[in-house]
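Reading through the structure tokens given below for one structure.
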Amino acid sequence: MTETSTTQPPEWHFEQGPIRPPSEAHSLLLRVSRNCPWNRCTFCPVYKGRKFSMRPVEDVCRDIDAVARHLDLLRRNLGEPGVETQGLLQLWHDRLPSAEQASFRAAAHWLAGGLQSVFLQDADGLIVGPKRLRVILAHLQATFPWTFRITAYTRSQTVLRFSQEELIALRQAGLTRLHIGLESGCDAVLEKVCKGATRAMHIQAGQRVKQAGIELSEYVMPGLGGRELSEHHARDSATALNAIRPDFIRLRTLAIPEGVPLHEEWRSGRFEFCTSVEIARELLLFLQNLDGIAGELASDHVLNLFEDLTGILPADQPRLVAMVQDFLDLTDERRCVYLVGRRGGMLRGLRDLIDPIKEAAARNLCEQLGATPDNVEDICRRLMQRFI
Ligand code: SF4
Numbered sequence: 599m600t601e602t603s604t605t606q607p608p609e610w611h612f613e614q615g616p617i618r619p620p621s622e623a624h625s626l627l628l629r630v631s632r633n634c635p636w637n638r639c640t641f642c643p644v645y646k647g648r649k650f651s652m653r654p655v656e657d658v659c660r661d662i663d664a665v666a667r668h669l670d671l672l673r674r675n676l677g678e679p680g681v682e683t684q685g686l687l688q689l690w691h692d693r694l695p696s697a698e699q700a701s702f703r704a705a706a707h708w709l710a711g712g713l714q715s716v717f718l719q720d721a722d723g724l725i726v727g728p729k730r731l732r733v734i735l736a737h738l739q740a741t742f743p744w745t746f747r748i749t750a751y752t753r754s755q756t757v758l759r760f761s762q763e764e765l766i767a768l769r770q771a772g773l774t775r776l777h778i779g780l781e782s783g784c785d786a787v788l789e790k791v792c793k794g795a796t797r798a799m800h801i802q803a804g805q806r807v808k809q810a811g812i813e814l815s816e817y818v819m820p821g822l823g824g825r826e827l828s829e830h831h832a833r834d835s836a837t838a839l840n841a842i843r844p845d846f847i848r849l850r851t852l853a854i855p856e857g858v859p860l861h862e863e864w865r866s867g868r869f870e871f872c873t874s875v876e877i878a879r880e881l882l883l884f885l886q887n888l889d890g891i892a893g894e895l896a897s898d899h900v901l902n903l904f905e906d907l908t909g910i911l912p913a914d915q916p917r918l919v920a921m922v923q924d925f926l927d928l929t930d931e932r933r934c935v936y937l938v939g940r941r942g943g944m945l946r947g948l949r950d951l952i953d954p955i956k957e958a959a960a961r962n963l964c965e966q967l968g969a970t971p972d973n974v975e976d977i978c979r980r981l982m983q984r985f986i
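Printed below as a string of structure tokens:
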């Protein structure tokens, strides 16, 4: 793989990027590069307007050392009888020079989360190349030998720049899991949203990761094909995943914030949102077409229609299919209550509708907002904006 040139910031300071996968909420976030080297996906707001750059390996190692120093202090002093943890943490934090406070917070957060895992930020951890990654992984392993999991986001394009031997070497150096945004397995969708990867590239990259013995988490975006490509999107995403056989499939439903190119396409009528029923039909088709995958389906994103659409494949597939079908079988009025309750943050899944207190809260919100089966989609889209 060809190494990309390094942009040197004037001086070191501890850095963390803006996002991580939901499953890495308790991880130590270690920033190995800044922002996204691709940054062209039309639905993605995260790094728009921000320039990509590498962080020098020495700076990343200094981040690790800074966290280690704070951890040492915290582990020696916390847990003593009579010590009031939260107050003490705040006191220590406030007494530190401001340049040290961010790494202190990172260490305290990691300690509270159990010191299990490290996530390499930002959008593409592999982009720094095999040589730099091996140095960072070695320093991590030497400093935190107990770390159970080291993971990163990457892109299929980047994986394909690595040889199989380089991927195996990363696994041997401690990289345990990669998160890839498949988004769709449909070429027409991928091209429209400017993903920069084809279905074939996604499949090849995913298979390579798996063959290297690295766990793989693939993200699928229900709704990304819009009404026009919904069916193709569902079927092709399922069959692409069947070929990859990832360890995790994660759903993250499309929502479009202002300022991204897809928002403009929607405003001008070139992109049509799927309704909630259409999203459910898409999910049904997707689930029905999954075949031969032994892994976990996760729905760990607040924007998803069902937060409890989770299970182990293939055993839970019939249950998951039935869950989506149950939603489609609801009366229009009851579906309206579910949608408002879900988008209002009161309901996680259909089972919550059986809870009289939660259902009453959802009905109240419906009344407050004047939601009816005819206007519920617009109301839900507005409610979803809070979570984007
Ligand atoms: S590769 Fe990921 S972070 Fe980069 S623009 Fe696309 S979706 Fe956003």
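Residue numbers (the working numbering): 599 to 986. Heads up, the beta-carbon is just placed ideally off N, CA and C, and yes, glycines get one too. Nothing here was measured: the structure is a model prediction, and the numbers come from that model.
* Could you tell me whether the Cβ atoms of residue 761 and residue 795 are closer together than 7 Å? => Taking the sequence shown and counting its residues from 1, one reaches residue 761 at position 163. Taking the sequence shown and counting its residues from 1, one reaches residue 795 at position 197. Contact flag unset, no.
* Asked: Heavy atom of ligand 1 less than 6 Å from the Cβ of residue 634, yes or no?
  -> Residue numbering aside, residue 634 sits at position 36 when the sequence shown is read from its first letter. Yes.
* What's the C-alpha gap between residue 732 and residue 771? -> On the sequence shown, position 134 is the one that residue 732 refers to. On the sequence shown, position 173 is the one that residue 771 refers to. Distance between the alpha carbons of residue 732 and residue 771 is about 6 Å.
* What's the call for residue 708, buried or exposed, on a 16-neighbour Cβ count within 10 Å? -> Position 110 of the sequence shown, counted from the start, is the residue given in the question as residue 708. Buried.
* Reduced DSSP category for residue 645 - H, G, I as helix; E, B as strand; rest coil -> Mapped onto the sequence shown, residue 645 falls at position 47. Three-state result, residue 645: coil.
* Hey, is residue 732's beta-carbon within less than 7 Å of any beta-carbon in chain C? -> The structure shown contains no chain C; it is built from a single protein chain.
* To do: Please report how far the alpha carbon of residue 600 lies from the alpha carbon of residue 757, in whole angstroms.
  => Reading the sequence shown from its first residue, position 2 is the one you call residue 600. Reading the sequence shown from its first residue, position 159 is the one you call residue 757. Confidence at residue 600 is low in this model, with a pLDDT of 41, below 50, so the placement of that residue is unreliable and no value is reported for it.
* To do: Taking only the alpha-carbon atoms, compute the straight-line gap between residue 627 and residue 654 and give it to the nearest angstrom.
  => On the sequence shown, position 29 is the one that residue 627 refers to. On the sequence shown, position 56 is the one that residue 654 refers to. For residue 627 and residue 654, the gap between their C-alpha atoms comes out near 16 Å.
* **Top-ranked residue by Cα proximity to residue 828, from 855, 778, 622 and 877** => Taking the first residue of the sequence shown as 1, we reach residue 828 at position 230. It is 877 whose Cα lies nearest to the Cα of residue 828.
* Asked: If we ignore side chains and look at the alpha-carbon of each, how far apart do residue 890 and residue 933 end up?
  -> Counting from 1 along the sequence shown, the entry for residue 890 is found at position 292. Counting from 1 along the sequence shown, the entry for residue 933 is found at position 335. Approximately 32 Å, taken between the alpha carbons.
* Asked: What first and last residue would you give for the beta strand (DSSP E) that runs through residue 685?
  -> In the sequence shown, residue 685 corresponds to position 87, counting from 1. Taken as a continuous stretch (DSSP letters only), residue 685 belongs to no beta strand (DSSP E), being part of the alpha helix (DSSP H) at 683 to 693.
* To do: Could you tell me how far apart the beta carbons of residue 629 and residue 613 are, in whole angstroms, since I believe they sit closer than 8 Å?
  => Counted from its first residue, the sequence shown places residue 629 at position 31. Counted from its first residue, the sequence shown places residue 613 at position 15. Rounded, the Cβ-Cβ distance is 5 Å, consistent with contact.
* **Coil, strand or helix - residue 631 by DSSP** => Your numbering for residue 631 matches position 33 in the sequence shown. Here residue 631 carries a strand assignment [DSSP, helix/strand/coil].
* Comparing alpha-carbon positions, which option in 781, 935, 745 and 895 lies nearest residue 666? -> Sequence index remark: in the sequence shown, residue 666 carries index 68 (1-based). Ranking 781, 935, 745 and 895 by Cα distance to residue 666 puts 745 first.
* Is there at least one non-hydrogen atom of ligand 2 closer than 6 Å to the beta-carbon of residue 824? -> Although ligand 2 was asked about, the structure shown includes only ligand 1 as ligands.
* Looking only at DSSP bridge pairs, what is residue 652 linked to? -> Taking the first residue of the sequence shown as 1, we reach residue 652 at position 54. Answer is 631, bridged to residue 652.
* Pick out whichever of 883, 809, 884 and 833 has its Cα sitting closest to the Cα of residue 842. => Locating residue 842 in the sequence shown gives position 244, where the first residue counts as 1. The shortest Cα separation from residue 842 among 883, 809, 884 and 833 belongs to 809.
* Selection from 875, 824, 882 and 894 that minimises the alpha carbon distance to residue 867 -> Translated into the one-based positions of the sequence shown, residue 867 becomes position 269. It is 824 whose Cα lies nearest to the Cα of residue 867.
* Verify the contact flag: residue 644, CB atom, against every heavy atom of ligand 1, threshold strictly below 6 Å. => Within the sequence shown, residue 644 is the residue found at index 46, counting from 1. Yes, ligand 1 has a heavy atom inside 6 Å of this Cβ.
* In chain order, what residues of the same chain have a beta carbon less than 8 Å from the beta carbon of residue 611, not counting five sequence neighbours either side? -> Taking the sequence shown and counting its residues from 1, the one referred to as residue 611 is at position 13. For residue 611, where only same-chain residues beyond five positions count, the Cβ hits under 8 Å are 697 and 700.
* Asked: Quick one: does the C-beta of residue 973 sit closer than 6 Å to a heavy atom of ligand 1?
  -> Indexing the sequence shown from 1 puts residue 973 at position 375. For ligand 1, not one heavy atom lies less than 6 Å from the Cβ of residue 973.
* So what's residue 985 in DSSP terms, helix, strand or just coil? -> Mapped onto the sequence shown, residue 985 falls at position 387. Note: residue 985 maps to helix in three-state DSSP.
* **Span separating the alpha-carbon of residue 816 from that of residue 788** => Taking the first residue of the sequence shown as position 1, residue 816 is located at position 218. Taking the first residue of the sequence shown as position 1, residue 788 is located at position 190. Roughly 15 Å separates the two Cα atoms.
* Around the C-beta of residue 671, are 16 or more other C-beta atoms found within 10 angstroms, so that it is buried, or is it exposed? -> Walking along the sequence shown from the start, residue 671 turns up at place 73. Exposed, by the Cβ-count rule.
* Beta-bridge partners of residue 847, as assigned by DSSP -> In the sequence shown, the residue the question calls residue 847 occupies position 249. DSSP output for residue 847 lists 816 and 895 as bridge partner(s).
* To do: Quick one: measure Cβ to Cβ for residue 947 and residue 906, integer angstroms, because I've assumed they're closer than 8 Å.
  => The residue labelled residue 947 in the question sits at position 349 within the sequence shown. The residue labelled residue 906 in the question sits at position 308 within the sequence shown. Their Cβ separation, rounded to whole angstroms, is 3 Å, which keeps residue 947 and residue 906 in contact under 8 Å.
* To do: Would you mind reading off the limits of the beta strand (DSSP E) that contains residue 715?
  => Taking the sequence shown and counting its residues from 1, one reaches residue 715 at position 117. Segment 715 to 719, the beta strand (DSSP E) holding residue 715.
* Only counting runs of 4 or more residues, tell me where the alpha helix (DSSP H) segments fall wholly within the segment 911 to 968, in order along the chain. => 915 to 927, 930 to 941 and 954 to 967
* Any chance the CB of residue 721 is under 6 Å from a heavy atom of ligand 1? -> Along the sequence shown, one-based indexing puts residue 721 at 123. With a threshold of 6 Å, the Cβ atom of residue 721 counts as near ligand 1, since some heavy atom of the ligand is closer than that.
* Can you check whether the CB of residue 911 is closer than 7 Å to the CB of residue 893? -> Residue numbering aside, residue 893 sits at position 295 when the sequence shown is read from its first letter. Residue numbering aside, residue 911 sits at position 313 when the sequence shown is read from its first letter. Contact: yes.
* Asked: Would you report the Cα separation of residue 748 and residue 967, rounded to the nearest angstrom?
  -> Within the sequence shown, the letter at position 150 stands for residue 748. Within the sequence shown, the letter at position 369 stands for residue 967. If I take the Cα positions, the gap works out to 45 Å.
* From residue 986 to residue 618, what does the alpha carbon distance come to, in whole angstroms? -> Within the sequence shown, numbered from 1, the residue matching residue 986 stands at position 388. Within the sequence shown, numbered from 1, the residue matching residue 618 stands at position 20. One C-alpha to the other measures close to 14 Å.
* Among 683, 652, 960 and 647, nearest to residue 726 - alpha-carbon criterion -> Position 128 of the sequence shown, counting from 1, holds the residue named residue 726. The candidate whose alpha carbon is nearest that of residue 726 is 652.
* Just reading off the alpha helix (DSSP H) that residue 698 is part of, what are its end residues? -> Taking the first residue of the sequence shown as position 1, residue 698 is located at position 100. 696 to 710 is the span of the alpha helix (DSSP H), which, as asked, contains residue 698.
* Take the Cβ of residue 976 as the centre, count every other Cβ of all protein chains shown within 10 Å, and call the residue buried at 16 or more, exposed below. => Looking up residue 976 in the sequence shown gives position 378. By the neighbour-count definition (other C-beta atoms within 10 Å, threshold 16), residue 976 is an exposed residue.
* Asked: Any heavy atom of ligand 1 closer than 6 Å to the CB of residue 857?
  -> Here the question's residue 857 lines up with position 259 in the sequence shown. False, no ligand heavy atom lies under 6 Å from that Cβ.
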